[in-house]
Structures are given as structure tokens and as C-alpha cells.
Amino acid sequence: MPDPDKSTVDDTVTGAARALRAVILAGEHYRQVVAAHLGLDVSQTQALSYLYSKGDLGQVELGALLGYNTSSITALVDRLERAGIACRVRHPTDRRRSIVRLTERGHLVMRDLDRTFRRAFDHLEPQSLAELTTAMSSIAADLRLGADALADLPPARL
196 MPDPDKSTVD
206 DTVTGAARAL
216 RAVILAGEHY
226 RQVVAAHLGL
236 DVSQTQALSY
246 LYSKGDLGQV
256 ELGALLGYNT
266 SSITALVDRL
276 ERAGIACRVR
286 HPTDRRRSIV
296 RLTERGHLVM
306 RDLDRTFRRA
316 FDHLEPQSLA
326 ELTTAMSSIA
336 ADLRLGADAL
346 ADLPPARL
């Protein structure tokens, strides 16, 4: 006979997974709208998000986060520089490397967009935000690990 407690847990996990998928889809839609609003492509907005959330990044490191090879990340950073929202600076200790950083304009754009993210929490009780932050950080780390594991597998043939 099936365990009713296990069934309830399975239903709860299924519901949570559906809610997570809804958040991801909403985020993808948001990124597409932001890209169109800023006149950028989705990859450029992803680069901006990494730079805003992580701070200055080496060009190679930014390329790895985006899954770009050397020539592709060079072209992407060139476009961000032309748009005036990011720039390259010399690495402080390695002359062969460059660091990508948001310009003042890039920070202003990202702070303006950050308001939308902050409003997403307006309906929640402030005392629940710490627990939610911990849970979301854990989920994000698990998703990154899952994506890394999937990237190591041979391509699926559909």
C-alpha cells in the first residue's frame, strides 16, 4: 500500500518544482523585455547581470559564466563598451589579462532595473525574507551544479 506521507511530499515537491519553473520562465521573459528595452541582446543583459551581482570580472571568467569562447566574449565586451555600459581595465597584477567592469552608466541602468526585483518581495513579510534568501541561494547553487553535470553529458538526441 502506498505511503500517504510520501505521496504528500511528492505532491509538494512537484508543486515547488512547478513554481520554480514559473520563476525561471518569468525571469527569461523579463530578460527578453529588458534586452529589447535597452537595445541589447539577451547575452549582453546576462553579462550585465553577472557584472552587477558579482562585481568586476576577468574577461575569461565572464566568458566562462556565459559559456562563450575567447573570440565570442571579446565581441560581446566590445559591444558593451560601444553601448557605454561596461569597459575593460587592466588587471592589477597580470598585464595579459583585462577586467570587465560596469561603467557609471551601466550601474545606473542596473540599479534602475533592480527596482523591479525588489518590488517582487513587496508582498512578503520582512521576517520571512532571510529564510527565503537562504532557500533561493541553495536552489540556485543546486541548479548550477545540475547544469554543470548536464553540460558534461553527451548531447541528447530527441
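Quick note on numbering: our numbering labels position 67 of the sequence shown as 262, and the sequence is numbered without any gaps.
For glycine and all other residues, C-beta sits at the position ideal for the given N, C-alpha and C.
Which term fits residue i, buried or exposed, when burial requires 16 or more other beta carbons within 10 angstroms of its beta carbon?
i: T265; result: exposed
i: I219; result: exposed
i: A281; result: buried
i: T334; result: The amino acid at residue 334 is misidentified as Thr; the sequence shows Ile. Result: exposed.
i: Q322; result: exposed
i: G250; result: exposed
i: L319; result: exposed
i: V204; result: exposed
i: V304; result: buried
i: V228; result: exposed
Can you check which of these residues, the options, is closest to residue i by C-alpha distance?
i: S244; options: A270, A214, L275; result: L275
i: D343; options: V229, L303, L261; result: L261
i: R292; options: Q239, G250, S332, V255; result: V255
i: M331; options: Q227, R226, A214; result: A214
i: S248; options: L319, H286, R277, G301; result: G301
i: T269; options: D289, T288, E299, S238; result: S238
i: L271; options: A242, I294, L252, D347; result: A242
i: L257; options: R277, R283, A230, G222; result: R283
Any idea which residues DSSP pairs residue i with across the strands?
i: R296; result: C282
Who are the near neighbours of residue i in its chain, counting only those whose CB is closer than 6 Å to its CB and skipping five residues on each side?
i: L297; result: L246, A281
Can you list, in chain order, the residues of its chain with a C-beta nearer than 8 Å to that of residue i? Leave out the 5 residues immediately preceding and following it.
i: A230; result: D236, V237, Q239, T240
i: R310; result: none
Q) Where are the alpha helix (DSSP H) runs, 4 residues long or more, that stay fully inside the segment 239-269, in chain order? A) 254-261
(Q) Runs of 4 residues minimum, wholly inside the segment 317-351: which ones carry the alpha helix (DSSP H) assignment? (A) 324-346
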